[in-house]
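Residue numbers (my numbering), protein chains in the order written: chain A, 4 to 327; chain B, 4 to 327.
The C-beta atom is built at its ideal place from N, Cα and C for all residues, glycine as well.
Working notes, beginning with the structure itself.
Protein chains: 2
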Amino acid sequence: MTTIKDVASFANVSVATVSRVLNNKGNVKRETKLQVEKAIKYLNYSPNDLARNLFTGNSKMIALLIPDITNPFFPELASSIESAANEHGYTLILCNTAGNQSKELTYLSALRRKCVDGIVLVSNTLDSKQILESGIPTVVLDRETDFDITSITVNNYEGGKQAVRFLKDIGCDKIAHIAGSDNISSTKNRKKGYIEMIKEDPWIIENLIVPGGYSAKESFKSTIKILTTHPDINGIFASNDVMAVGVLEAVKSLDISVPKDLAIIGFDGIELGEITTPTITTMSQPITAMGRKAVDLLIKKMQYKNDEISSEVFQVELIKREST
Amino acid sequence: MTTIKDVASFANVSVATVSRVLNNKGNVKRETKLQVEKAIKYLNYSPNDLARNLFTGNSKMIALLIPDITNPFFPELASSIESAANEHGYTLILCNTAGNQSKELTYLSALRRKCVDGIVLVSNTLDSKQILESGIPTVVLDRETDFDITSITVNNYEGGKQAVRFLKDIGCDKIAHIAGSDNISSTKNRKKGYIEMIKEDPWIIENLIVPGGYSAKESFKSTIKILTTHPDINGIFASNDVMAVGVLEAVKSLDISVPKDLAIIGFDGIELGEITTPTITTMSQPITAMGRKAVDLLIKKMQYKNDEISSEVFQVELIKREST
DNA sequence: TTGTAGGCGTTATCAC
DNA sequence: GTGATAACGCCTACAA
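Put into structure tokens, the structure is as follows:
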């Protein structure tokens, strides 16, 4: 590896001078500057960030921890976060935690050792104490936390209500819910919204809430089951779009016509919902905006080292498609 | 930040001793070792990898460059690469290049400065000279390159032939191809396989190859177009599964029955193909195995610093599903 | 068994 | 305008 010393001796100057032209800091004569630049080019030199960061104390890296990279929602999120990070001169480290607490903890300590400057975190298992312990500026995304920590979320509860209200508006009078995990605040709140909207309905006693396991396959199975026991269901609210796809496939496999006999609405607004037949109505989250906002807040936190909590709640938006 | 010095003075020993217990190297009395460990725990100390790596010269990080994180094929790949890397003690940096050469180059130099130990690269724009220039051990994945560099691929040409042969076997006698880009070696070779299989057929002159733009939406449009001009097409080979989904939706929207009137086959074997209705027959790549192999070869390269080229070609496998 | 000291590649503070 | 030199936090000869 060629170092700043090599460049210095090649250009017949001191390392200090090389450093100056490297960082455009301090005064250096035009001529010597050119000399140095020639040397840099000739030796194909590029500075060692490890050494640089060791000195400056930051790494210009931020990490994103997500629970499942194969759920399309997260790549879309990751994509916007990455662009935003890059625009601010940060490299993004993407970490796939599988929602596994021990993996999350392992990552957190590894990242701390690597001196990442900040973390964007999507986690259901970590509490704010564990997060704060790492000492790294962190923004929590997509999951509500206690108030100790900045978070970016959407109005899941209201969104859940809106989804069910819409199904009712278009005539559904028996609505099932394919639920996410109760350990995940976002899906839990969507479920609460669902319950709030149907709690006066006579059929509430039948309990039309079934778990969808956060995947299309699980959700497929659950849908088959609930529809065979309750064939008069004419509306289904799935807690996210991936599960809504599972619902759709299940409904079609039972030869029930969508949306004529049964309407389906999802949540998230991922692209997948636009390529099914029929396309799936959804409560859309502003995924890109949320990612960018997370980076914005994180960078403010890192730069001003303020501990101010400035959480932000985005609004979901009903996008009507063919499944309703 | 607490450093090794703090630990040393707290435990009343020298930094050397602390370092020894940290790395389990050299001899240190049981008692002092316990002292040090207590200090470490008490001070919540963790070593600074920047400093450590600056000394050792490696970062224990490898990077994965992929062209499109929102295409489900790549997250599946990334997922397996990440696990494999983690198992070997490496942290994965995921970089989304958007297939954009300048972004790739920017990443390459940034990664070099960050002293990443190795790179797994999925790229169509970079030639081996540009790759080798970074000086970082690299394995190319999913794309054929010239022979200067280790690569992991599948037999795309044979796979393409197999796909078309299968369509013929089940009775298709007019087969269209939704193609990927000719700039991408994998899809180019799949297309070659298609051409090889149909070049004797009388309808070859009609040119049933249309571009699918690597996305479901593009592929949807292309399919509509080709089917309206050639309504007697009864088989379609899509160059990947995402495009096959587009094909499927297009065909269904034209009220053509799948597979009765038209059979569809894709390529890749991603999970998406299992949740459509009908599910999509595909030439499946051993995605997980390929990812793991890439990491294996990369680690060998890094450890033994050998320049040996040890490319590997995996075999695709026909998975019959409902679309044929 | 333990401590001292030099060096990894940078940057920044002083002199000159 | 330029050059020594002391940090940054860690590891490892070498000495004791």
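Count the CB pairs spanning the stretch 164-174 of chain B and the stretch 209-226 of chain B that are closer than 8 Å, and state whether there are at least three.
-> no
Give me the Cα-Cα distance between residue 249/B and residue 318/B, rounded to the nearest whole angstrom.
-> On the second sequence, residue 249/B is found 246 positions in, with the first residue counted as 1. On the second sequence, residue 318/B is found 315 positions in, with the first residue counted as 1. Their Cα atoms are separated by approximately 25 Å.
Leaving out five residues before and five after residue 60/A in sequence, what residues of the same chain have Cβ atoms less than 6 Å from its Cβ?
-> Walking along the first sequence from the start, residue 60/A turns up at place 57. Hits under 6 Å: none found.
Cut-off 6 Å between Cβ atoms - residues of its own chain near residue 141/A, not counting five sequence neighbours on either side | Along the first sequence, one-based indexing puts residue 141/A at 138. Excluding positions up to five away in sequence, the list reads 122, 124, 134.
So residue 78/A is in the alpha helix (DSSP H); what residue range does that whole segment cover?
-> Here residue 78/A corresponds to residue number 75 of the first sequence, with the count starting at 1. 76-90 is the span of the alpha helix (DSSP H), which, as asked, contains residue 78/A.
How would you list, in chain order, the residues of chain B whose beta-carbon sits under 7 Å from the beta-carbon of residue 37/A?
-> Along the first sequence, read from residue 1 onward, the residue named residue 37/A stands at position 34. Within 7 Å Cβ-Cβ: nothing; residue 37/A doesn't reach chain B, min ~22 Å.
Indicate whether the contact test is met: 3 or more Cβ pairs, each with one atom in the stretch 290-299 of chain B and one in the stretch 69-84 of chain B, closer than 8 Å.
-> yes
Considering only residues of the stretch 207-292 of chain A, which uninterrupted alpha helix (DSSP H) runs meet the minimum length of 4 residues and lie entirely inside it, listed in chain order?
-> Taken in chain order, the complete alpha helix (DSSP H) segments of 4 residues or longer contained in the stretch 207-292 of chain A are 219-232, 244-256.
Closer than 7 Å by C-beta to residue 222/A: which residues in its own chain qualify, once you throw out the five before and the five after it? Chain order, please.
-> The residue you call residue 222/A lines up with position 219 of the first sequence. Contacts found: 181, 215, 216, 241, 246, 249, 250.
Residue 78/B touches chain A at which residues, Cβ-Cβ below 7 Å?
-> In the second sequence, counting from the first residue as 1, residue 78/B sits at position 75. Going along chain A in sequence order, the residues near residue 78/B (Cβ under 7 Å) are 72, 73, 78.
Three-way DSSP call (helix, strand, coil) for residue 24/A in this model = Counting from 1 along the first sequence, the entry for residue 24/A is found at position 21. In the structure shown, residue 24/A adopts helical secondary structure according to DSSP, grouped into three states.
Note down, one range per segment and in chain order, each beta strand (DSSP E) of at least 3 residues found wholly within the stretch 14-71 of chain B.
-> 64-69
Please decide whether residue 280/A counts as near chain B, where near means a Cβ-Cβ distance under 7 Å.
-> Taking the first residue of the first sequence as position 1, residue 280/A is located at position 277. Chain B, which has a Cβ nearer than 7 Å to the Cβ of residue 280/A, makes this yes.
Identify the contact partners of residue 332/A in chain B, using a Cβ-Cβ distance below 7 Å as the criterion.
-> Outside the displayed range of chain A (4 to 327) lies residue 332/A, so it cannot be described from this structure.
Same chain only: Cβ atoms within 6 Å of residue 226/A, ignoring 5 sequence neighbours per side = Here the question's residue 226/A lines up with position 223 in the first sequence. Shown here for residue 226/A: same chain residues with a beta carbon closer than 6 Å to its own, the five before and five after excluded, namely 250, 253 in chain order.
If the cut is a Cβ gap below 7 Å, which residues of chain A does residue 255/B touch?
-> By one-based count along the second sequence, residue 255/B stands at place 252. Those within 7 Å of residue 255/B in chain A are 280.
Measure from the C-beta of residue 252/A to each C-beta in chain B and report whether the shortest distance is under 7 Å.
-> What you label residue 252/A is simply residue 249 of the first sequence in a count that begins at 1. Chain B, which has a Cβ nearer than 7 Å to the Cβ of residue 252/A, makes this yes.
First and last residue of the uninterrupted alpha helix (DSSP H) at residue 319/A = Stepping through the first sequence from its first residue, residue 319/A is reached at position 316. Going by DSSP, residue 319/A is part of no alpha helix (DSSP H) at all; its letter is neither H nor E.
Return the first residue and the last residue of the alpha helix (DSSP H) that residue 154/B is part of.
-> Translated into the one-based positions of the second sequence, residue 154/B becomes position 151. Looking at the DSSP string, residue 154/B is not in any alpha helix (DSSP H); the run it does join, the beta strand (DSSP E), is 154-157.
Under 7 Å between the Cβ atoms of residue 115/B and residue 52/A?
-> Counted from its first residue, the second sequence places residue 115/B at position 112. Counted from its first residue, the first sequence places residue 52/A at position 49. Not closer than 7 Å, so no.
Quick one, which residues of the stretch 100-117 of chain B are near chain A if we go by CB-CB under 7 Å, in chain order?
-> 112, 113, 115, 116, 117
From residue 50/B to residue 56/B, what distance separates their C-alpha atoms?
-> The residue labelled residue 50/B in the question sits at position 47 within the second sequence. The residue labelled residue 56/B in the question sits at position 53 within the second sequence. Approximately 11 Å, taken between the alpha carbons.
Verify the CB distance criterion: does residue 248/A have a CB-CB separation below 7 Å to chain B?
-> Here residue 248/A corresponds to residue number 245 of the first sequence, with the count starting at 1. Yes, contact with chain B.
Please name the residue, chosen from 4/A, 22/A, 13/A, 102/A, that lies closest to residue 184/A on a Cα-to-Cα basis.
-> One-based indexing of the first sequence puts residue 184/A at position 181. Of all alpha-carbon atoms in 4/A, 22/A, 13/A, 102/A, the one lying nearest the alpha-carbon of residue 184/A is that of 102/A.
As assigned by DSSP and simplified to three states, the class of residue 99/B | Translated into positions along the second sequence, residue 99/B becomes position 96. It is a strand residue.
Would you mind telling me which residues of chain A sit closer than 9 Å to residue 96/B, beta carbon to beta carbon, in chain order?
-> Working through the second sequence from its first residue, we reach residue 96/B at position 93. In chain order: 64, 94, 95, 96, 97.
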